[in-house]
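These notes are about the structure you will find just below.
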Amino acid sequence: MSELPDMKDLEKLKSRPKMAWELLSEEERKQVASFAQEYIDFLNAAKTEREAVREILKQAKEQGFQDLSSSSAQASRKFYQLNRGKSIALCSLGKEDICQGIRIIISHIDSPRLDLKPNPLYEDQELALLRTHYYGGIKKYQWVALPLALHGVVVRSDGSKIEFCLGENPNDPVFTISDLLPHLSGRIMDEKKLKEAIEGEKLTILFGHEPIAGQTEDKERIKLNILSLLHERYGIVEEDFISAEIEAVPAWPARLVGLDQSIVGGYGQDDRICAYASLRAIFAQTEPPRYPSMVLFMDKEETGSEGNTGAQSCFVELVVSQLLQKSGLEPKEHLVRDLLFRSKALSADVNAALDPNYPDVFEKQNACRLGFGVNLSKYIGSRGKYATNDASAEYIGDIRRLFNEHGVVWQAKELGKVDEGGGGSIAKFLAKYGLDMIDCGPPILSMHSPFEIASTVDLYETFKAYRVFLEKS
Ligand code: MN
Ligand code: MN
């Protein structure tokens, strides 16, 4: 009779995920907490893509990064390249010949919000209002009856640019969109489908109420008063709204959530949590990595990565060309292509955490859970893996080994049930260069809402993951 197998050996065959917390020392738990606080400061300084670029640039300069376009930066090995103030790349040259390929982390710094229309201002019922056109995938009911701040730029007729941010300082006024009282909303709202209850055209922002002082023939006295205030404070006229980008975002700050302060709540964590983790990962390099690092912070992901600041633009090729030049090589097209083909990348983006209130849209065995570390998504897409990068088993094998060797806590899950829906990411736009690519980021709850939720320990594991990817892969 053959011997029965040892049960202890058999039990080792099963994968037994542990919460990241359980694997941390007391000291590491402190690091998680302080990292989260620094992240919260970043979120509060960077509520729009422009502000994120400004903050990243400021910190990069403090870390000694130099302008990649500047010829005087020749002696440096750490560079930044801006793209119209809305996307930015940070790079560091490595020990290996650049032609061996680079390590790329690409995240996005735009988030769903309400943009002002080109002709936003009007008056109705003795109120001044601003018309909006939402940006990205929002649930419209989440954007009414909350304090909003206005962030953006206005280019005046003489070409001068005004930057402004109203509603963040405690002394600032805030703005809001009115919602209908429950007493009257029964027929026109409550009985409708949630997505139809509030129409896009009804997302108009309350902007003022006081009529202009003095005599005037103009019937729009409230609007006139607003225009007078805008002119007095910013020197702008109504037509200037046309050459403006003004974004309404939640006016509240990001902050810790939970009695144990283990969670970050705040607007724009999709995808600034990955942006911040990758920023800190490149800053953490104390010596040149083996392969050059490139950390990209892109705009326009939420609307399909289109446009000259999105991941479908040729920004990446431009930065690679410039890096070749800095390495003393002529940036010939075939060199750029060859370099990208040999490169490895992470698409740094969030995934959906299993929501205890709505477990039915998830397939639990393959759903991310808060606290179980950074997630690897082989694919995202939807309904039959359409429109997605699908990372190879070989590449996932490499990344998995890398994370295990360096103590990164990770999970590898999908976004929702097969037929329930899905999403997209930047991964496929870079994968077209033939490089190895996988989606990698923390899970979050309440994604695309004005108050997104992330675990502080997942944030920290994400930072660790990005750091080892840049330095050790
Ligand atoms: Mn995202
Ligand atoms: Mn998103």
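Under our numbering, think of the first position of the sequence shown as 2, with each following residue one higher. The beta carbon of each residue, even a glycine, is placed where N, CA and C say it ideally should be.
Looking at C-alpha atoms only, which residue of the options is the closest neighbour of residue i?
i, options, result
"A53", "F404, Q366 and M299", "M299"
"L340", "P289, V296 and V317", "V317"
"K181", "K429, S426, G209 and Y142", "Inspection of the sequence shows that residue 181 is occupied by Leu rather than by Lys. Among K429, S426, G209 and Y142, the Cα nearest to that of L181 belongs to Y142."
"S450", "A90, A394 and G269", "G269"
"E246", "V33, K162 and I454", "K162"
"E240", "K118, L325, Y136 and P212", "K118"
"L69", "L185, V175, V321 and A349", "V321"
"P174", "R157, D191, E453 and H152", "H152"
Taking the C-alpha atoms as reference points, what is the distance between residue i and residue j?
i, j, result
"N120", "L83", "29 Å"
"R481", "E200", "Residue 481 lies beyond the stretch modelled for the chain, which goes from 2 to 474, so this question has no answer here."
"C477", "A150", "Because the chain is modelled from 2 through 474, residue 477 falls outside the range shown and cannot be assessed."
"K465", "G102", "22 Å"
"Q67", "T49", "23 Å"
"E218", "L225", "11 Å"
"G422", "E331", "46 Å"
"Q366", "E415", "9 Å"
"R370", "Y467", "19 Å"
"S88", "K62", "16 Å"
"L471", "V154", "35 Å"
"V458", "N170", "30 Å"
"G168", "Y235", "15 Å"
"T310", "V362", "33 Å"
"K196", "G137", "14 Å"
"Y1", "E302", "As shown, the chain starts at 2 and ends at 474. That puts residue 1 outside it, with no answer to give."
"V410", "K19", "8 Å"
"D125", "L325", "58 Å"
"P293", "S344", "10 Å"
"A37", "S72", "37 Å"
"K333", "G408", "40 Å"
"A47", "Y434", "30 Å"
"L260", "V33", "16 Å"
"L1", "R338", "Here the chain has residues from 2 to 474 only, and residue 1 is not among them."
"G398", "G417", "23 Å"
"M295", "Y380", "22 Å"
For residue i, count neighbouring Cβ atoms within 10 angstroms of its own Cβ and tell me buried if that reaches 16, exposed if not.
i, result
"Y81", "buried"
"V265", "buried"
"V375", "buried"
"L11", "exposed"
"N390", "buried"
"R1", "Because the chain spans 2 through 474 in this model, residue 1 falls outside it and cannot be assessed."
"V250", "buried"
"C315", "exposed"
"Y359", "exposed"
"M438", "buried"
"R104", "buried"
"T287", "exposed"
"L446", "buried"
"I243", "exposed"
"G95", "buried"
"G425", "buried"
"H232", "exposed"
"F342", "exposed"
"P183", "exposed"
Taking the continuous beta strand (DSSP E) assigned at residue i, which residues delimit it?
i, result
"D42", "First-last for D42: E27 to A46, but that is the alpha helix (DSSP H), not the beta strand (DSSP E)."
"I206", "I206 to G209"
"L257", "R256 to V258"
Tell me, which residues are paired with residue i by DSSP?
i, result
"I105", "M295 and A346"
"H152", "C166 and E248"
"Y396", "Its beta-bridge partners do not exist; DSSP assigns none."
"C92", "F80 and M295"
"L115", "Y135 and A249"
"S383", "Y387 and G423"
"N352", "P444"
"L377", "C441"
"W411", "V375"
"A368", "E415"
"L122", "L131"
"F67", "In the sequence under discussion, the amino acid at residue 67 is Gln, which differs from the Phe named in the question. Q67 is bridged to F80."
"T177", "L207"
Specify, as a first and last residue, the run of the alpha helix (DSSP H) that residue i falls within.
i, result
"K9", "M8 to E12"
"A129", "Segment L128 to Y136 is the beta strand (DSSP E) holding A129; no alpha helix (DSSP H) there."
"L228", "R222 to Y235"
"I264", "Premise fails: I264 lies in the beta strand (DSSP E), I264 to G267, not in any alpha helix (DSSP H)."
"S456", "Segment E453 to S456 is the beta strand (DSSP E) holding S456; no alpha helix (DSSP H) there."
"L325", "F316 to K327"
"A285", "From DSSP, A285 is part of no alpha helix (DSSP H); its letter is neither H nor E."
"R51", "E50 to E63"
"F430", "A428 to A432"
"A312", "Careful: A312 lies outside any alpha helix (DSSP H) and carries neither H nor E."
Would residue i pass as an interface residue toward chain D - the criterion being a Cβ-Cβ separation below 7 Å?
i, result
"N390", "The question asks about chain D, but that chain is absent: this structure has only one protein chain."
Following a CB-centred definition, is residue i positioned closer than 6 Å to any heavy atom of ligand 3?
i, result
"D116", "Annotation note on ligand 3: not contained in the displayed structure, which lists ligand 1 and ligand 2 as its ligands."
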